[in-house]
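**Student:**
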Amino acid sequence: MSALKTYRRPPPGSHSDYLYPDYASTVSRAPSQPLVLLPQTLSEITGPVFGHERVSASDADLTRKHDGEPLGERILVCGRVMDEDGRAVPNTLIEVWQANAAGRYRHQRDQHDAPLDPNFTGTGRTLTDDNGFYRFVSIRPGAYPWRNHPNAWRPAHIHFSLFGNAFATRLVTQMYFPGDPLLAFDPIYNSVPAGARERMVSAFDLSLTEPEHALGFRFDIVLRGRDATPMEH
Ligand SMILES: [Fe+2]
129 MSALKTYRRP PPGSHSDYLY PDYASTVSRA PSQPLVLLPQ TLSEITGPVF GHERVSASDA
189 DLTRKHDGEP LGERILVCGR VMDEDGRAVP NTLIEVWQAN AAGRYRHQRD QHDAPLDPNF
249 TGTGRTLTDD NGFYRFVSIR PGAYPWRNHP NAWRPAHIHF SLFGNAFATR LVTQMYFPGD
309 PLLAFDPIYN SVPAGARERM VSAFDLSLTE PEHALGFRFD IVLRGRDATP MEH
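Numbering (the numbering used here), first residue to last: 129 to 361.
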């Protein structure tokens, strides 16, 4: 046991607080008692194991899940997953989900007055390669309203879930788009301290952009440490 590598806890200022009253649902879900710290054991460091063989290359293309092509601006989202020392994290399962170009999720609970796209489901997954790289093809999601406060709109975003090789390297976050005017008004984005929240904003990258095909956005992800990509609670 003593030879096992353990994970340091997140440094202050790198993630949102549990309670951020402007983000209304945190008021009811934030812990009201001090947290109980659990010692790390084998299960936090070695598990879980999932079925990599079930992830196929086509799972990473959200534009080819149906007979026709989805409406919207086609995008490529690419990046590298790294550990706290900047080393590649290969073989990490990345799952994404997002609204369609009109800002509507294909989900029963989303009854926002915007059209569904019969050619877009909005979910995908992939594994990072030996150098920690991943790549998705999708369409740019639209902004959508939510009822957090009057006239509240979420900036365009893609939800990300990452499974490293242990529970301690699980990360759920949101990727945003550069220059989105809604970021300044979004309590979820702003619940993360300044200096860390910017790590959730992707970068437009002309070198990733494919002529006549799709705009490229770069989104690198750091799983832990001082430069960690902020995580949702
Ligand atoms: Fe969302």
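The C-beta atom is built at its ideal place from N, Cα and C for all residues, glycine as well.
Only a predicted model underlies this, so the values are computations on that prediction, with no experimental measurement involved.
1. Assuming V224 and I286 are in contact, meaning their beta carbons sit under 8 Å apart, how far apart are those beta carbons, in whole angstroms?
2. I'd like to check one pair, L336 with F264: are the Cβ atoms closer than 8 Å?
3. Look at V183 and L221 and say whether their C-beta atoms are less than 8 Å apart.
4. Verify the CB distance criterion: does G307 have a CB-CB separation below 8 Å to chain D?
5. If you check the beta carbons only, do I267 and R202 fall under 8 Å apart?
6. Mind checking whether I332 and P309 have CB atoms under 8 Å apart?
7. Exposed or buried, what is S186 when buried is set at 16 or more other beta-carbons lying within 10 Å of its beta-carbon?
8. Does any heavy atom of ligand 1 sit closer than 7 Å to the C-beta of H235?
9. One question on the structure: do V350 and E212 come within less than 8 Å of each other, judged by their Cβ atoms?
10. What do you reckon, is the C-beta of A227 under 7 Å from a heavy atom of ligand 1?
11. Kindly indicate which residue of V155, W281 and P140 has the alpha-carbon position closest to the one of L147.
12. Measuring alpha carbon to alpha carbon, tell me which residue in W281, M303, P283 and A280 is nearest S289.
13. Under the DSSP definition of a beta bridge, which residues are partnered with G207?
14. My assumption, with CB atoms under 8 Å, is that F291 sits in contact with R298. Please give the rounded CB distance.
15. So if DSSP puts M328 in a beta bridge, which residue, or which two residues, is it bridged to?
16. Can you tell which of S171, S330, E340 and E338 has the C-alpha that lies nearest to the C-alpha of R208?
17. Short of 6 Å in beta carbon distance, which residues of its chain neighbour L199, apart from the five on each side in sequence? Order them along the chain.
18. Using C-beta distances below 7 Å, list every residue in its chain close to A271, excluding the 5 sequence neighbours before and after it, in chain order.
19. In the DSSP assignment, find the unbroken alpha helix (DSSP H) run with S144 in it and report its ends.
20. Tell me whether R282 counts as near ligand 1, meaning its Cβ is closer than 7 Å to at least one heavy atom of that ligand.
21. Do Y233 and G250 come within 8 Å of each other at the CB atom, strictly closer than that value?
22. H143 and P358 look like a contact to me (Cβ under 8 Å); what is the Cβ gap, rounded to whole Å?
**Tutor:** From the atom records:
1. Working through the sequence shown from its first residue, we reach residue 224 at position 96. Working through the sequence shown from its first residue, we reach residue 286 at position 158. Going by Cβ atoms, the distance from V224 to I286 rounds to 5 Å, so yes, they are a contact pair.
2. Position 136 of the sequence shown holds residue 264. Position 208 of the sequence shown holds residue 336. Going by C-beta atoms, F264 is not nearer than 8 Å to L336.
3. Counted from its first residue, the sequence shown places residue 183 at position 55. Counted from its first residue, the sequence shown places residue 221 at position 93. Going by C-beta atoms, V183 is nearer than 8 Å to L221.
4. As a matter of chain content, chain D is missing from the structure shown, which is built from one protein chain.
5. Position 139 of the sequence shown, counting from 1, holds the residue named residue 267. Position 74 of the sequence shown, counting from 1, holds the residue named residue 202. Yes, these two residues count as a Cβ contact at 8 Å.
6. Working through the sequence shown from its first residue, we reach residue 332 at position 204. Working through the sequence shown from its first residue, we reach residue 309 at position 181. In the sequence as displayed, the identity of residue 332 is Phe instead of Ile. For the pair F332 and P309, the CB atoms are not nearer than the 8 Å cut-off.
7. Within the sequence shown, the letter at position 58 stands for residue 186. Per the 10 Å Cβ criterion, exposed.
8. Taking the first residue of the sequence shown as position 1, residue 235 is located at position 107. The answer is no for H235.
9. Taking the first residue of the sequence shown as 1, we reach residue 350 at position 222. Taking the first residue of the sequence shown as 1, we reach residue 212 at position 84. Closer than 8 Å, so yes.
10. Sequence index remark: in the sequence shown, residue 227 carries index 99 (1-based). Yes, ligand 1 has a heavy atom inside 7 Å of this Cβ.
11. Locating residue 147 in the sequence shown gives position 19, where the first residue counts as 1. A check of alpha carbon separations from L147 across V155, W281 and P140 identifies V155 as the nearest.
12. Position 161 of the sequence shown, counting from 1, holds the residue named residue 289. For the residues W281, M303, P283 and A280, the minimum Cα distance to S289 belongs to M303.
13. As a first step, residue 207 must be located in the sequence shown, where it is residue number 79. When DSSP reads this structure, G207 sits in a beta bridge with Y262.
14. Looking up residue 291 in the sequence shown gives position 163. Looking up residue 298 in the sequence shown gives position 170. Sure, about 6 Å apart at Cβ, within 8 Å.
15. Position 200 of the sequence shown, counted from the first residue, corresponds to residue 328. Looking at the DSSP assignment, M328 forms no beta bridge with any residue, so it has no partner.
16. Taking the sequence shown and counting its residues from 1, the one referred to as residue 208 is at position 80. Comparing Cα-Cα distances from R208 to each of S171, S330, E340 and E338, the minimum goes to S330.
17. Locating residue 199 in the sequence shown gives position 71, where the first residue counts as 1. If we look at L199 and ignore the five residues flanking it on each side, its Cβ neighbours are A229 and D245.
18. Position 143 of the sequence shown holds residue 271. Excluding positions up to five away in sequence, the list reads G231, W281, R282, P283, A284 and L310.
19. The residue given as residue 144 occupies position 16 in the sequence shown. That residue, S144, is in no alpha helix (DSSP H); it is neither H nor E in DSSP.
20. The residue you call residue 282 lines up with position 154 of the sequence shown. Yes.
21. As a working mapping, residue 250 is identified with position 122 in the sequence shown. As a working mapping, residue 233 is identified with position 105 in the sequence shown. The answer is yes: Cβ separation under 8 Å.
22. Numbered from its first residue, the sequence shown carries residue 143 at position 15. Numbered from its first residue, the sequence shown carries residue 358 at position 230. Between P358 and H143 the Cβ distance is about 5 Å, and since that is below 8 Å, they are a contact.
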